[in-house]
Amino acid sequence: MSYDAKISRRWIDQDAPQAASLMRSALASLWSPINGFLEWFGYLGIFGWQVMRSSVRRPFEGRELIRQLDEVGSKSLPLVALAGAAIGAVLALESRYSLIRFGAKSMLPAAIVFSIIHETGPIVTGLVVSGRVGAGIGAELGSMKVTEQIDAIEASGVNPYKLLAFTRILACILMLPLLTLAADFCGVVAGWIVDTLADPISFQKFLHAGLAGASFSDFLAPTFRTAVFGLIIGTIACFQGMRSEGGTEGVGRSATSSVVLASLFVILADVILVKFILVFFP
Amino acid sequence: MMQSGQAVTPLATENGDKHAVENAARNAAHPVAAPPVLLEGLHKSFGAQKVLNGIDLTVGNGETLVVLGRSGTGKSVLLKLIIGLQKPDSGSIRIHGQEVSSSGVEALNEIRKKMGFLFQHAALYDSLTVEENVAFPLRRNGNMSPSVRGDRVRGLLAGVGMQDHLKKMPSDLSGGMQKRVGLARALALDPGILLLDEPTAGLDPITSREIDDLILRLQEERDVASIVVTHDLHSAETIADRIVLLHQGNAVIEGTFEELDHSKDKFVAEFFRHDS
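Residue numbers (numbering that gives the first Met the number 0), protein chains in the order written: chain B, 0 to 281; chain Z, 0 to 275.
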């Protein structure tokens, strides 16, 4: 072995334990978030099972469900309607000039109505409700958890998974499609107002042109897609809230993580469900 | 001071078998009845931290057992294990002979209805009024008509001196008032067992004495078996029939207040002279 090769070999021998240790710490830092994510999913699954199991047992918590329908539905309506209207107006403004450029101005009502009903209405409703309701549920249940109110419910012989979680999840599932309808309606009306300001057209004609060639499945599948968004928002927000710990700081973390995770999973579910709908409702 | 793993020191045995005689008399009066609370070999750890290391305890009918110990010795955990809010690592918890730790959800809820729990910070539902808080267990677990339920709620709140605050929200109440409402809620289902977690913590001496008097009055009127976790030696002296002192996960000594107060054990002596 040459002198140079001996020197290199010595360097390798000296550095090998250090390199192995670096490799181990790099792998550990890579594995830690994956492990945390898998663990989170596991606990979410257990939580979902506990909620499902509790939901089939009497009593059925009708009073609490009605309170939550009001909380999720009526109180989200103004924000959802406003967001829907804003999207409709922006769509009309943006699409108008593009369609005029391509000589397809007559397609404007159809472009607005289809894009609102198919995608923007459901996703905007999902994201707005993720923010408003997800944060609300996460903070409320988180606060109940850290002040032992959930323990007090359990100590009274009442199942908190049914009373607190199932009612909120069911309210989200039931209200999301209705809120989506409201967002769609406000979006179409706002689109028509913007369109008619530039080029007067009656609402009846606008709607007729917009819905020309549309079938019932164009309307039904995207709207009911939001029931899945409701399931995601309700489940994640309740789960994050009920596992909250660490005082007021923990409550803040629960509220934030509820919104972030619910929004993220709503977007992911949207991608998957759009593909699913295109396959089954071509 | 006793070492970890040693058995409970029944001071009664050293001091004339007073409790043994009382227990024998109680057992003779109810030869087949299981004790309201029976704990055997209870172990609980959180990660590497051992909180309870083989606790054995029995609480008889109408008896008030006070659990003392330094902060973090597992006193509140003990109460949460008894009511099934946490699961023990091993050991047995029997409520009137029914095993808590192996019970399913429905059976556990039935056992819980026999117990009233006062939480350290009262844990009142902050979206409900005082009246609704006390009515909550009744509404959920009973078949009472609204008028009967209303009468019972007002009666319970009158019993703790809160009859004039029915419509107030928990946030409008002082700490002592919240504890009183919490106590009324704990008594709503007329439980045979009361678990009180630091009932006088954070209260001024006058309010503490009022809460102690209230607990004594409840003992006389209702004959419930109570386990009271506290740091308040004055309160322990007032309300306890028997005291158990926890240290390092073990019940190091058990007896009346006077017996523990005159103990020669180094830890007990230190606790009773300096930890009040």
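Glycine included, C-beta positions come from ideal geometry on N, C-alpha and C.
Taking 8 Å as the cut-off, the Cβ atoms of Ser102 (chain Z) and Ile110 (chain Z) count as close. With respect to Ala122 (chain Z), Thr146 (chain B) sits close: the two C-beta atoms are nearer than 8 Å. Not flagged as an interface residue toward chain B: Phe45 (chain Z), since no C-beta distance is shorter than 8 Å. By alpha-carbon distance to Ser53 (chain B), the top candidate from B:Ser20, B:Gly229, B:Ala164 is B:Ala164. The C-beta of Ser243 (chain B) comes no closer than 8 Å to any C-beta of chain Z. When Cβ pairs closer than 8 Å are counted between the two stretches, the region 183–192 of chain B is seen to touch the region 76–92 of chain B, the count reaching three or more. When Cβ-Cβ separations below 8 Å define contact, His246 (chain Z) makes no contact with chain B. Chain Z has a Cβ within less than 8 Å of the Cβ of Gly156 (chain B). For Thr146 (chain B), at least one C-beta of chain Z is nearer than 8 Å to its own C-beta. From the listed residues B:Leu98, B:Ser105, B:Phe40, B:Val123, the smallest Cα separation to Thr222 (chain B) is found for B:Val123.
In this structure the region 126–134 of chain B lies against the region 218–233 of chain B, because at least three pairs of beta carbons, one per stretch, are closer than 8 Å. Apart from the 5 residues on each side of it in sequence, Asp240 (chain Z) sits with its Cβ closer than 6 Å to the Cβ of Glu62, Thr63 in its chain, given in chain order. Residues of chain Z whose Cβ lies closer than 9 Å to the Cβ of Asp150 (chain B) are, in chain order, Lys79, Ile82, Leu84, Phe116, Phe118, Ala122.
Within the region 165–243 of chain Z, the complete alpha helix (DSSP H) segments at least 4 residues long are 174–185, 204–221, 232–238, listed from N- to C-terminus.
C-alpha of Leu140 (chain B) to C-alpha of Arg69 (chain Z): approximately 31 Å in a straight line. When DSSP states are grouped into helix, strand and coil, Arg93 (chain Z) belongs to the strand group. Around the beta carbon of Leu26 (chain B), fewer than 16 other beta carbons lie within 10 angstroms, which makes this residue exposed. Assignment of beta-bridge partners to Met114 (chain Z) by DSSP yields Z:Ile192. Contact of Pro136 (chain Z) with chain B is assigned, a C-beta pair being separated by under 8 Å. Residue pairing by DSSP places Leu245 (chain Z) opposite Z:Gly68, Z:Ala250 in a beta bridge. Put simply, of Z:Gln48, Z:Asn60, Z:Thr199 the residue whose alpha carbon is nearest the alpha carbon of Val223 (chain Z) is Z:Asn60. Rounded to the nearest angstrom, the gap between the Cα atoms of Asp194 (chain B) and Glu118 (chain B) is 20 Å.
Shown in chain order are the members of the region 96–112 of chain Z whose Cβ falls below 9 Å from a Cβ of chain B: Val104, Glu105, Leu107, Asn108, Glu109, Ile110, Arg111, Lys112. Using a Cβ-Cβ cut-off of 9 Å, Glu63 (chain B) is close to nothing in chain Z; its nearest Cβ partner there is about 11 Å away. Identification of chain Z residues near Glu153 (chain B) by a Cβ-Cβ cut-off of 7 Å yields Leu84, ordered along the chain. With respect to the 8 Å criterion, Leu195 (chain Z) and Val227 (chain Z) are classified as neighbours on the basis of their beta carbons.
Listed in chain order, the positions of the region 132–158 of chain Z with a beta carbon within less than 8 Å of a beta carbon of chain B are Phe135, Pro136, Arg139, Asn140. Within the region 83–149 of chain B, the runs of alpha helix (DSSP H) that reach at least 4 residues and sit entirely inside it are, in chain order, 107–114, 120–128, 134–145. Around the CB of Lys161 (chain B), 16 or more other CB atoms lie within 10 Å, so the residue is classed as buried. Per DSSP, Lys74 (chain B) lies in no alpha helix (DSSP H) and is assigned neither H nor E. The criterion of a C-beta distance shorter than 8 Å is satisfied by Gly96 (chain Z) and Ala33 (chain Z). Here the alpha carbon of Met106 (chain B) sits roughly 7 Å from the alpha carbon of Leu98 (chain B). In this structure, Z:Asn52 is the residue among Z:Lys112, Z:Asn52, Z:Ser234 with its C-alpha nearest to the C-alpha of Pro87 (chain Z). Within the same chain, Cβ atoms closer than 7 Å to the Cβ of Arg167 (chain B) are found at Gln67, Ile136, Gly233, Cys237, the five residues on either side in sequence being excluded.
By the CB criterion at 8 Å, Leu64 (chain B) and Leu175 (chain B) fall outside the cutoff.
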